[in-house]
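Read through the structure below, which is laid out as structure tokens, and then see the notes.
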Amino acid sequence: MSNCLQEFGYRKTPHNHGEIMRIRPNHRALLAAGTAVLALSLTACNGDDQAAATGGGSADKPAASTSGSASAGTGTPASNEKPADTTTTGAPGTSKAPQKSSGGTSAGSGTSGGSGSTSGGGGGSANNTEAYAWKHACAMTQLSVNVRPGSGSQRIIEVSNKGTSACGLDLLPTVDLGDSNSADQSRNVRPLVPSGLGGPDHALLAGKKAYAVIDLNPGGKAGSAKGINEMNVLVSPSHMANADTRNFPIASGTQVSGPKLGLYRDSVADAVSSMKQADTPQQ
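For what it's worth, full-length UniProt numbering labels the leading residue of the sequence shown as 1, then goes sequentially.
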């Protein structure tokens, strides 16, 4: 019994064994304070446990959300991404898209380079070369012929290839000077030509011209053959018939004496040089 009383704060007094005395009030206050502290400690611990349990669940959820966002980022971009990033990513692909250009046909394109290098068409094709011309004689249907005045008493015979392929001309035309009103052309005057002729035909490419120069009076003599008013030209005598001869008028009073004719050349100046070498009557 005394032990129980001691546990609850009571004890016997040494002077009076039959009387029980309460512990002094200050001991009770200390006991009450300790009990209160213990209760508060237990409450705090319980709250920490609940907070820890609650906090652990909250931490797991953001982790799952972050994982989901990362997973989604591998597919469709997140909504908070800057639009500029998407535009920048797509721009190189758009700028590299091939575009048609009329110039492509121009750069590097064979069509532009070939066609521009040769006037009048053909543009470096296999049928517009010298080798092709040497194997294919010119037909009168693909040519045009003109005679125009040159320096002094010279006349320029100009042959143009109006076709689409190269062709070969004789080294020089056949020319005679006569009276257009005479039925007898046997007395027509023939010019001198360069001697030692030989070699392949003159190659005339498509769209190009060949020139032969005849000087009607190279010595400048005052005397002239009588009744001459016409020049007859057959541009390629070994490949054409006499019917392909073209006739060109000569102005009245033109002095004709010892005429000279040169070979076909690609320029008038070269044709003049060839004409000056004429020394043999043309047959």
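For glycine and all other residues, C-beta sits at the position ideal for the given N, C-alpha and C. Since we're looking at a predicted model, the values are computed, not measured.
Nearest candidate by alpha-carbon position, reference Ala139, set Ser274, Thr164, Ile156, Gly150:
Along the sequence shown, read from residue 1 onward, the residue named residue 139 stands at position 139. Checking every option, the nearest Cα to that of Ala139 belongs to Thr164.
Distance between beta carbons of Gly168 and Ala126, contact taken as under 8 Å:
Translated into positions along the sequence shown, residue 126 becomes position 126. Translated into positions along the sequence shown, residue 168 becomes position 168. The Cβ separation is near 16 Å, so there is no contact.
At which residues does the alpha helix (DSSP H) containing Tyr132 begin and terminate?
On the sequence shown, position 132 is the one that residue 132 refers to. For Tyr132, the enclosing alpha helix (DSSP H) begins and ends at 130 to 135.
Proximity of Ser267 and Asp170 at Cβ, strictly below 8 Å
As a position in the sequence shown, residue 267 is number 267, starting the count at 1. As a position in the sequence shown, residue 170 is number 170, starting the count at 1. No, the pair does not count as a contact, with Cβ atoms beyond the cut-off.
For the beta strand (DSSP E) that contains Val268, what are its first and last residues?
Residue mapping note: residue 268 aligns to position 268 of the sequence shown, counting from 1. Unbroken run through Val268 is the alpha helix (DSSP H), 268 to 275; no beta strand (DSSP E).
Host beta strand (DSSP E) of Tyr211 (start-end):
The sequence position of residue 211 within the sequence shown is 211, counting from 1. Taken as a continuous stretch (DSSP letters only), the beta strand (DSSP E) holding Tyr211 covers 209 to 215.
CA-CA distance, Pro194 and Thr280?
The sequence position of residue 194 within the sequence shown is 194, counting from 1. The sequence position of residue 280 within the sequence shown is 280, counting from 1. Approximately 6 Å between the Cα atoms of the pair.
Bridge partners of His202, per DSSP?
Here residue 202 is taken as the residue at index 202 of the sequence shown, counted from 1. Beta-bridge pairing links His202 to Leu169.
For the segment 221 to 229 against the segment 250 to 258, do three or more pairs of beta-carbon atoms, one drawn from each stretch, fall closer than 8 Å, so that the two count as touching?
Per the Cβ contact rule, the segment 221 to 229 is in contact with the segment 250 to 258 (3 or more Cβ pairs under 8 Å).
Distance, Tyr264 Cα to Pro200 Cα:
As a first step, residue 200 must be located in the sequence shown, where it is residue number 200. As a first step, residue 264 must be located in the sequence shown, where it is residue number 264. Spanning the two alpha carbons is a distance of roughly 12 Å.
Looking at the strands, I want to know which residues DSSP matches up with Lys260.
Within the sequence shown, the letter at position 260 stands for residue 260. The partner list for Lys260 (beta bridge, DSSP) reads Leu192, Asp215.
Considering just the uninterrupted stretch of the beta strand (DSSP E) at Thr174, what are its terminal residues?
As a working note, residue 174 is residue 174 in the sequence shown. Thr174 -> beta strand (DSSP E) spans 174 to 178.
Using three-state DSSP, classify Asn181 as helix, strand or coil.
Counted from its first residue, the sequence shown places residue 181 at position 181. If DSSP states are grouped into helix, strand and coil, Asn181 belongs with coil.
Which two residues bound the contiguous beta strand (DSSP E) that contains Val233?
Within the sequence shown, residue 233 is the residue found at index 233, counting from 1. Here the beta strand (DSSP E) through Val233 covers 230 to 234.
Have a look at Glu130, Lys135, Arg148, Asn128 and flag the residue whose alpha-carbon is nearest the alpha-carbon of His239.
For the purposes of this step, residue 239 is taken as the residue at position 239 of the sequence shown. Selected option, being the one with the closest Cα: Lys135.
Under a three-way DSSP split, which group does Thr280 fall into?
As a first step, residue 280 must be located in the sequence shown, where it is residue number 280. Thr280 falls in the strand class under three-state DSSP.
Is DSSP giving Asn247 helix, strand or coil here?
On the sequence shown, position 247 is the one that residue 247 refers to. In the displayed model, Asn247 falls within a strand according to three-state DSSP.
Among Asn242, Leu177, Ala206, the one whose alpha carbon lies nearest that of Glu130
Walking along the sequence shown from the start, residue 130 turns up at place 130. Taking Glu130 as reference, the option from Asn242, Leu177, Ala206 with the minimal CA-CA separation is Ala206.
For the segment 205 to 220 against the segment 147 to 162, are there 3 or more C-beta pairs whose distance is under 8 Å?
With the cut-off at 8 Å, the segment 205 to 220 and the segment 147 to 162 touch.
From the DSSP output, which residues share a beta bridge with Ser160?
Position 160 of the sequence shown, counted from the start, is the residue given in the question as residue 160. Ser144, Lys209.
Nearest to Ser274 (by Cα), restricted to the options Ser182, Asn181, Gly196, Asn188:
The residue you call residue 274 lines up with position 274 of the sequence shown. That would be Gly196, whose Cα lies nearest to the Cα of Ser274.
Euclidean distance between Cα positions of Val256 and Gly223
By one-based count along the sequence shown, residue 256 stands at place 256. By one-based count along the sequence shown, residue 223 stands at place 223. Approximately 8 Å, taken between the alpha carbons.
How about Ala137 and Tyr211: do their beta carbons lie closer than 8 Å?
Stepping through the sequence shown from its first residue, residue 137 is reached at position 137. Stepping through the sequence shown from its first residue, residue 211 is reached at position 211. In this structure, Tyr211 does not lie closer than 8 Å to Ala137 by Cβ.
Per DSSP, which residues does Gln154 bridge with? Please list them.
The residue given as residue 154 occupies position 154 in the sequence shown. Under DSSP, Gln154 shares a beta bridge with Asp215.
Going by the CB atoms, is the gap between Val189 and Leu177 shorter than 8 Å?
Along the sequence shown, one-based indexing puts residue 177 at 177. Along the sequence shown, one-based indexing puts residue 189 at 189. The answer is yes: Cβ separation under 8 Å.
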